[in-house]
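K.L.:
Residue numbers (numbering that gives the first Met the number 0): 0 to 250.
Where is the CB? At the ideal position from N, CA and C, for every residue including glycine.
Keep in mind that this is a model prediction, so the values were computed, not measured.
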Amino acid sequence: MKSDEVFEFFRRLAEDNPSPTTELESANPYQLLVAVVLSAQATDASVNVATKPLFEHVKTPQDMVDLGEERLREAIKTIGLFNTKARNVIALSQALIDKYGGGVPRTREQLQELPGVGRKTANVVLNTAFGEETFAVDTHVFRVCNRTGLAPGKNVDEVEAKLEKVVPQPFRRDAHHWLILHGRYTCKARLPECWRCPVIDLCRYEPKTLAPSARPARTATPRSSAARTGSGRTAATPTAGRSRSRPTRLP
Ligand code: SF4
0 MKSDEVFEFF RRLAEDNPSP TTELESANPY QLLVAVVLSA QATDASVNVA TKPLFEHVKT
60 PQDMVDLGEE RLREAIKTIG LFNTKARNVI ALSQALIDKY GGGVPRTREQ LQELPGVGRK
120 TANVVLNTAF GEETFAVDTH VFRVCNRTGL APGKNVDEVE AKLEKVVPQP FRRDAHHWLI
180 LHGRYTCKAR LPECWRCPVI DLCRYEPKTL APSARPARTA TPRSSAARTG SGRTAATPTA
240 GRSRSRPTRL P
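1) What distance in whole Å lies between the Cβ atoms of Val48 and Val123, which are believed to be in contact at a cut-off of 8 Å?
2) Beta-carbon separation of Leu95 and Pro60 under 8 Å?
3) Helix, strand or coil for Asn27, going by three-state DSSP, please let me know.
4) Report the rounded CA-to-CA distance for Glu69 versus Gln93, giving the unit in angstroms.
5) Within 10 angstroms of its Cβ, does Ser38 collect 16 or more other Cβ (buried), or is it exposed?
6) Starting from the N-terminal side, write out each stretch of the alpha helix (DSSP H) that is 4 residues or longer and does not extend beyond the region 32-61.
7) Residue ranges of each alpha helix (DSSP H) run of no fewer than 4 residues wholly in the region 72-124, ordered along the chain?
8) Rounded to a whole number of angstroms, what is the C-alpha to C-alpha distance between Arg105 and Leu31?
9) Is it the case that the Cβ atoms of Cys193 and Lys207 are separated by a distance below 8 Å?
10) If you draw a straight line from the C-alpha of Pro167 to the C-alpha of Glu132, how long is it?
11) Tell me the rounded alpha-carbon separation between Gly229 and Ala216.
12) What number of angstroms, rounded off, separates the C-alpha of Ser224 from the C-alpha of Arg195?
13) DSSP state of Pro206, grouped into three classes?
14) Using 8 Å as the threshold, is the C-beta distance between Ala150 and Lys161 below it?
15) Taking the alpha carbon of Arg107 as the point to measure from, which residue in Thr120, Gly100, Lys98 and Asp97 has its own alpha carbon closest?
16) Tell me whether Tyr29 counts as near the ligand SF4, meaning its Cβ is closer than 7 Å to at least one heavy atom of that ligand.
17) Could you check if Ser147 belongs to the surroundings of the ligand SF4, using beta carbon to heavy atom distance under 7 Å?
18) Check whether the Cβ of Glu14 lies closer than 7 Å to any heavy atom of the ligand SF4, and answer yes or no.
19) Could you please give the first and the last residue of the uninterrupted alpha helix (DSSP H) stretch that includes Glu192?
20) Would you mind sorting Pro19 into buried or exposed? The rule is 16 or more other CB atoms within 10 Å of its CB.
21) Between Glu4 and Asn87, what straight-line distance do the alpha-carbon atoms span, to the nearest angstrom?
22) Say the cut is 7 Å; is the CB of Glu192 nearer than that to a heavy atom of the ligand SF4?
Shown next, in the form of structure tokens:
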């Protein structure tokens with residue numbers, strides 16, 4: 000994608016959502032760090048359900064250590080990999096107390112030394128808690144960057160390096176939030192909703208998907224009949240709450 004197209008790409012996403020942020024709920028950098036660690040291979044919504052009551056009582060690393068691993072495990076048992084995550088969260092909380100007086104460090108290297116904290120988690124914390132221009136590449140960002148041609152790469156490190164290179168000001172700080180939200184609600188994994196996409200004319204992905212009303216009608220099959228009656232797994236799911244209908248831009 001050419002540099003003027005990259006600028007226009009983010010200008011449109013910014014126009015649509017001027018103040019994007021993470022959907023993980025937290026009240027301070029420590030809670031954000033814990034929430035991001037818990038969100039590995041889990042949805043933000045499922046993490047929020049577990050952390051809402053937890054964070055009413057646990058606001059600092061000392062609160063978490065006082066709570067203990069067993070009660071933490073019980074509090075997050077609805078989240079995948081909860082055993083490992085509970086162990087890591089207690090260990091990282093103790094490390095924050097021992098090394099940083101209970102604060103959250105502000106460098107990637109220090110963050111990545113904490114148990115359960117990888118590069119992506121460190122980038123999210125640096126960006127969201129401390130305003131750094133970092134590019135956390137999750138599954139949504141990876142997909143959108145490759146599909147569109149914005150920052151193609153074979154792995155998350157390559158995509159992150161390309162984003163570092165191509166994303167212009169004034170979009171660098173919020174770029175990863177726009178990309179995550181675009182991937183989560185419009186450029187979806189199984190079926191991108193190109194017909195209502197604000198960057199359709201800039202995107203390299205082909206063929207673009209048509210609006211449901213413009214697709215050829217399907218012949219009824221036993222499977223599709225099951226879907227209509229609600230007994231199959233292919234029944235149409237409601238559009239996510241944040242999705243909005245958009246005026247169509249022609250490619
Ligand atoms: S046009 Fe389609 S593939 Fe391209 S970014 Fe938009 S939703 Fe994704």
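P.N.:
Reading from the atomic positions:
1) One-based indexing of the sequence shown puts residue 123 at position 124. One-based indexing of the sequence shown puts residue 48 at position 49. At roughly 19 Å, the Cβ-Cβ gap does not stay under 8 Å, so Val123 and Val48 are not in contact.
2) Within the sequence shown, the letter at position 96 stands for residue 95. Within the sequence shown, the letter at position 61 stands for residue 60. With contacts defined by Cβ atoms closer than 8 Å, Leu95 and Pro60 form a contacting pair.
3) Within the sequence shown, the letter at position 28 stands for residue 27. Shown here, Asn27 sits in coil according to DSSP, grouped into three states, outside any helix or strand.
4) Residue mapping note: residue 69 aligns to position 70 of the sequence shown, counting from 1. Residue mapping note: residue 93 aligns to position 94 of the sequence shown, counting from 1. Straight-line Cα distance between these residues: approximately 15 Å.
5) Locating residue 38 in the sequence shown gives position 39, where the first residue counts as 1. Counting C-beta atoms within 10 angstroms of its own C-beta, Ser38 has 16 or more neighbours from the protein chains shown and is therefore classed as buried.
6) Annotation note: the region 32-61 contains the following uninterrupted alpha helix (DSSP H) runs of length 4 or greater, listed N- to C-terminal: 43-56.
7) Qualifying alpha helix (DSSP H) stretches, in chain order: 81-99 and 107-111.
8) One-based indexing of the sequence shown puts residue 105 at position 106. One-based indexing of the sequence shown puts residue 31 at position 32. About 13 Å.
9) Indexing the sequence shown from 1 puts residue 193 at position 194. Indexing the sequence shown from 1 puts residue 207 at position 208. Their beta carbons are under 8 Å apart, which means Cys193 touches Lys207 by this criterion.
10) Reading the sequence shown from its first residue, position 168 is the one you call residue 167. Reading the sequence shown from its first residue, position 133 is the one you call residue 132. If you take the alpha carbons of Pro167 and Glu132, they lie about 11 Å apart.
11) The residue you call residue 229 lines up with position 230 of the sequence shown. The residue you call residue 216 lines up with position 217 of the sequence shown. Caution is warranted here: a pLDDT of 37 is assigned to Gly229, below 50, making its placement in the model unreliable, and no coordinate value can be reported.
12) Position 225 of the sequence shown, counting from 1, holds the residue named residue 224. Position 196 of the sequence shown, counting from 1, holds the residue named residue 195. The pLDDT assigned to Ser224 is 41, lower than 50, so where the model puts this residue is not dependable; a value taken from the coordinates is nonetheless given after this. Distance between the alpha carbons of Ser224 and Arg195 is about 28 Å.
13) As a first step, residue 206 must be located in the sequence shown, where it is residue number 207. In the three-state reduction of the DSSP assignment, Pro206 falls in the coil class, being assigned neither a helical nor a strand state.
14) The residue given as residue 150 occupies position 151 in the sequence shown. The residue given as residue 161 occupies position 162 in the sequence shown. Between Ala150 and Lys161, the CB-CB gap stays under 8 Å.
15) Sequence index remark: in the sequence shown, residue 107 carries index 108 (1-based). Put simply, of Thr120, Gly100, Lys98 and Asp97 the residue whose alpha carbon is nearest the alpha carbon of Arg107 is Thr120.
16) Within the sequence shown, numbered from 1, the residue matching residue 29 stands at position 30. No.
17) The count along the sequence shown starts at 1 and reaches residue 147 at position 148. A small correction: the amino acid at residue 147 is Thr; Ser does not occupy that position in the sequence shown. Because some heavy atom of the ligand SF4 lies under 7 Å away, the Cβ of Thr147 counts as near it: yes.
18) Along the sequence shown, read from residue 1 onward, the residue named residue 14 stands at position 15. The answer is no for Glu14.
19) By 1-based counting over the sequence shown, the position of residue 192 is 193. Counting along the chain, Glu192 falls outside any alpha helix (DSSP H), and DSSP gives it neither H nor E.
20) Taking the sequence shown and counting its residues from 1, the one referred to as residue 19 is at position 20. By the neighbour-count definition (other C-beta atoms within 10 Å, threshold 16), Pro19 is a buried residue.
21) Mapped onto the sequence shown, residue 4 falls at position 5. Mapped onto the sequence shown, residue 87 falls at position 88. Straight-line Cα distance between these residues: approximately 42 Å.
22) If you number the sequence shown from 1, residue 192 lands on position 193. Flag set: Cβ of Glu192 near the ligand SF4.
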